[in-house]
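So the sequence lines, in the order shown, correspond to chains E and F.
The first sequence: position 44 = 43 (numbering that gives the first Met the number 0), numbered continuously.
The second sequence: position 148 = 147 (numbering that gives the first Met the number 0), numbered continuously.
Okay, structure first, notes after.
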Amino acid sequence: MAKTTRIPRKAQVMESLCVACGCCVKVCPMKAISIYKGIKAVVDQKLCVGCGKCVKECPASVIEIQEVGP
Amino acid sequence: MKMWYDYLWILSLSYLILGFFNILFAWLGLICFFTPLVISVVKGTKGYCNRYCGRGQLFSLLGGRFGLSRKRDVPNWMKSKAFRYGFLIFFFIMFFQMLWNTYLVFAGAAELKQVVTLLWTFRVSWQWAYHGELLHPGAAQFAFGFYSVMLTSTILGLITMILFKPRSWCVYCPMGTMTQLICKVKNKE
Numbered sequence: 000m001a002k003t004t005r006i007p008r009k010a011q012v013m014e015s016l017c018v019a020c021g022c023c024v025k026v027c028p029m030k031a032i033s034i035y036k037g038i039k040a041v042v043d044q045k046l047c048v049g050c051g052k053c054v055k056e057c058p059a060s061v062i063e064i065q066e067v068g069p
Numbered sequence: 000m001k002m003w004y005d006y007l008w009i010l011s012l013s014y015l016i017l018g019f020f021n022i023l024f025a026w027l028g029l030i031c032f033f034t035p036l037v038i039s040v041v042k043g044t045k046g047y048c049n050r051y052c053g054r055g056q057l058f059s060l061l062g063g064r065f066g067l068s069r070k071r072d073v074p075n076w077m078k079s080k081a082f083r084y085g086f087l088i089f090f091f092i093m094f095f096q097m098l099w100n101t102y103l104v105f106a107g108a109a110e111l112k113q114v115v116t117l118l119w120t121f122r123v124s125w126q127w128a129y130h131g132e133l134l135h136p137g138a139a140q141f142a143f144g145f146y147s148v149m150l151t152s153t154i155l156g157l158i159t160m161i162l163f164k165p166r167s168w169c170v171y172c173p174m175g176t177m178t179q180l181i182c183k184v185k186n187k188e
């Protein structure tokens, strides 16, 4: 029997294009995102469940849900 | 849970409406100019964008709850640094030109023009919102000019709200770009 391992998927911010507006912070159900010093959004990878709400909300569309390595 | 500052869109909407009745209310718009700057300079955050921006809330309400947005991605050029900084500079130039026109009226070198200029181009007669010499004509000229800035940026924001994501204005908002720059400098990145 092949064992299937689930690869976790989490939000990744393309930081150089982030405008730090904070829309993702408002919409995150896990309170996993914060705006770092008014410069960019930072996702707490421990809290993120990869729901993708921030991806939809982000006005600049600079957040992606990506598989994170094992 | 909704906080008190989640309702600031009501103030933003009232501001736009009041400008149709008495142009002198336009002066209140200075709050939206100084608050974000003071927060970024003193605290080094974009707390204004993140919490208090009533215009952003208005766009997310109209584009989100009311569904007036196609919710497409903004084009890449619109989120590029070149466009964002370019638009900030353009906005600055237009703003100082408006201040210059105000100065000319204060100095008595030009007449008060009861006009709101939309998109820096279209001059719309606005005399119904001016009710005479309560203040110096220069103060009224500033109100007309400042309201032009606010209405123009709202119109641009509404257009990109419809075409792209609800708060796509935030991507190229000159105030947002400027406060982010201030935060970068202040926090040395």
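Virtual Cβ for every residue (Gly too), placed ideally from N, Cα, C.
Only residues of its own chain outside the window of five on either side were considered, and among them Val73, Met77 and Lys78 have a CB closer than 7 Å to the CB of Val170 (chain F), listed in chain order. Phe121 (chain F) is bridged by DSSP to F:Leu117. Between the alpha carbons of Met160 (chain F) and Thr3 (chain E) lies a distance of about 43 Å. Glu66 (chain E) is bridged by DSSP to E:Arg8.
The residue among F:Asn21, F:Phe143, F:Cys48 and F:Ala25 with its C-alpha nearest the C-alpha of Thr34 (chain F) is F:Cys48. Under the Cβ distance rule, Pro58 (chain E) counts among the residues neighbouring chain F, one pair being separated by less than 8 Å. Chain-ordered listing is empty here: chain F has no CB closer than 9 Å to the CB of Lys30 (chain E), the nearest sitting near 12 Å. Take Met174 (chain F), set aside five residues on each side of it, and the residues of its chain with a beta-carbon closer than 6 Å to its own are Pro35, in chain order. Nearest CB-CB separation between Gly175 (chain F) and chain E: below the 8 Å threshold.
Residues of chain E whose Cβ lies closer than 9 Å to the Cβ of Gly53 (chain F) do not exist, since the nearest Cβ in that chain is about 14 Å away.
Of all residues in the stretch 6 to 38 of chain E, only Leu16, Val18, Ala19, Cys20, Gly21, Cys22, Val24, Ile34, Lys36, Gly37 and Ile38 come within less than 7 Å of chain F when Cβ atoms are compared, listed by chain position. By the neighbour-count criterion, in which a residue is buried when 16 or more other Cβ atoms sit within 10 angstroms of its Cβ, Ser59 (chain F) is buried. Taking 8 Å as the cut-off, the Cβ atoms of Cys50 (chain E) and Pro28 (chain E) count as close.
If the five residues before and after Ala128 (chain F) are omitted, its C-beta is found closer than 7 Å to the C-beta atoms of Gly18, Phe19, Phe20, Asn21 and Ile22, all from its own chain and listed in chain order.
Setting aside the 5 residues that flank it on each side, Ala142 (chain F) is surrounded in the same chain by Ile22, Leu23, Phe24, Ala25 and Trp26, each with a C-beta closer than 8 Å to its C-beta; the list follows chain order. At the C-beta level, Leu118 (chain F) and Ile88 (chain F) stay beyond 8 Å of one another.
Under a criterion of Cβ atoms nearer than 7 Å, no residue of chain F is adjacent to Val42 (chain E); the nearest Cβ is some 15 Å distant. Here Arg69 (chain F) is not near Gly156 (chain F), since their CB atoms are 8 Å or more apart. Among the CB atoms of chain F, one or more fall inside 8 Å of the CB of Val61 (chain E). Of the candidates F:Val115, F:Leu111 and F:Phe145, F:Leu111 places its Cα closest to the Cα of His135 (chain F).
For Ile161 (chain F), the enclosing alpha helix (DSSP H) stretches over residues Pro136 to Leu162.
Counting other Cβ atoms within 10 Å of its Cβ, Met2 (chain F) stays below 16 and is therefore classed as exposed. Buried is the label assigned to Thr116 (chain F), since at least 16 other Cβ atoms lie within 10 Å of its Cβ.
Residue burial annotation: Arg83 (chain F) is buried, with at least 16 other C-beta atoms found within 10 angstroms of its C-beta. Using a 10 angstroms sphere on the CB of Pro7 (chain E), the tally of other CB atoms stays under 16, which defines it as exposed.
Judged by beta-carbon spacing, Thr178 (chain F) lies beyond the 8 Å limit of Gly68 (chain E), meaning their Cβ atoms are not closer than that value.
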